[in-house]
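The working numbering runs 516 ahead of the 1-based position in the sequence shown.
Down below is the structure, laid out as structure tokens.
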Amino acid sequence: MCLRNELRRSRRWLGHLRLSHPWLEAVDLSMMRRAIGLARLAAAAGEVPVGAVIYRGREVVAEAANDREASSDPAGHAEMVALRRAGAALGRWRLHDCRMAVTLEPCPMCAGALVNARLAGLVFGAFDAKAGAVGTLYDIPRDPRLNHRLPCAGGVLGPEAAGLLRQFFAQRRKSASKSPRT
């Protein structure tokens, strides 16, 4: 019964999203769920809970979660790590036949990298009012001045993705308030 309800909910989500994004498919929702799972793993490791999956059809090419803390890499955003892994897996930097599902609207650095990778599409969950570069503050992937544009769909499973971020930062604030100040 639970699986049946989940399928109904997915079909409703997809039907609603296809009104404004006719290129979306059921696989995009499936990959977003996978990205949310990666975000949960990142949170458990003390990283900001963002997960990204790069896929061709139903094939997962690469996936990653934020790893800035673990790698001490300022570019350790889930999108950047997944792009590097996808390029290595496919032996090319042009990812014109791949899409990405990521739990948070990409920042300017990541949005620029997505354009340069020539991705076929981007699906993201939560909007980012502070650093979003796919429609919130900037719209890099659809900027007509650039040599490549990619279709983007935001808000896909957004409440769930945003909830992970809210919960993570609430816990972080709670921990900071309990620690002694020097």
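Each residue gets a CB set at the ideal place from its N, CA and C atoms; glycine is no exception.
What you are looking at is a predicted structure, and each value in this text was computed from that prediction instead of being measured.
Problem set entry | DSSP bridge partner residues for Cys-668 (one or two, in chain order) | Position 152 of the sequence shown holds residue 668. BP columns for Cys-668 point to Leu-638.
Exercise. Using a C-beta cutoff of 8 Å, does Gly-641 count as contacting chain C?
Worked result: This model lacks chain C altogether; it includes just one protein chain.
Exercise. For Ala-677 versus Ala-555, is the C-beta distance shorter than 8 Å?
Worked result: On the sequence shown, residue 677 is found 161 positions in, with the first residue counted as 1. On the sequence shown, residue 555 is found 39 positions in, with the first residue counted as 1. The answer is yes: Cβ separation under 8 Å.
Problem set entry | Cβ separation of Leu-620 and Phe-640, assumed to be a contact under 8 Å, to the nearest whole Å | Here residue 620 is taken as the residue at index 104 of the sequence shown, counted from 1. Here residue 640 is taken as the residue at index 124 of the sequence shown, counted from 1. Correct: roughly 7 Å between the Cβ atoms.
For this session: Let me know if Gly-671 comes out buried or exposed under the rule of 16 or more other beta-carbons within 10 Å of its beta-carbon.
Result: In the sequence shown, counting from the first residue as 1, residue 671 sits at position 155. That one is buried.
For this session: Take the Cβ of Glu-563 as the centre, count every other Cβ of all protein chains shown within 10 Å, and call the residue buried at 16 or more, exposed below.
Result: Taking the first residue of the sequence shown as position 1, residue 563 is located at position 47. That one is buried.
Exercise. In terms of alpha-carbon separation, which member of Ala-642, Ala-636 and Lys-646 lies closest to Pro-657?
Worked result: Counted from its first residue, the sequence shown places residue 657 at position 141. Here the closest residue by C-alpha is Ala-636.
Exercise. Excluding five sequence neighbours on each side, which residues of the same chain lie with their C-beta closer than 6 Å to the C-beta of Arg-550?
Worked result: The residue you call residue 550 lines up with position 34 of the sequence shown. Closer than 6 Å at the Cβ level, and outside the excluded window around Arg-550, lie Val-569.
Exercise. In whole angstroms, what separates the C-alpha of Ala-542 from that of Met-548?
Worked result: As a working note, residue 542 is residue 26 in the sequence shown. As a working note, residue 548 is residue 32 in the sequence shown. The straight-line gap from Cα to Cα measures roughly 10 Å.
Exercise. Can you give the beta carbon distance from Ala-605 to Ala-594, rounded, assuming they're within the 8 Å contact cut?
Worked result: Translated into positions along the sequence shown, residue 605 becomes position 89. Translated into positions along the sequence shown, residue 594 becomes position 78. Not confirmed; about 16 Å, so no contact.
Problem set entry | Classification of Trp-573 by the beta-carbon crowding that lies within 10 angstroms, buried from 16 upward | For the purposes of this step, residue 573 is taken as residue 57 along the sequence shown, with counting starting at 1. What sits at residue 573 in the sequence shown is Gly, not Trp. Per the 10 Å Cβ criterion, exposed.
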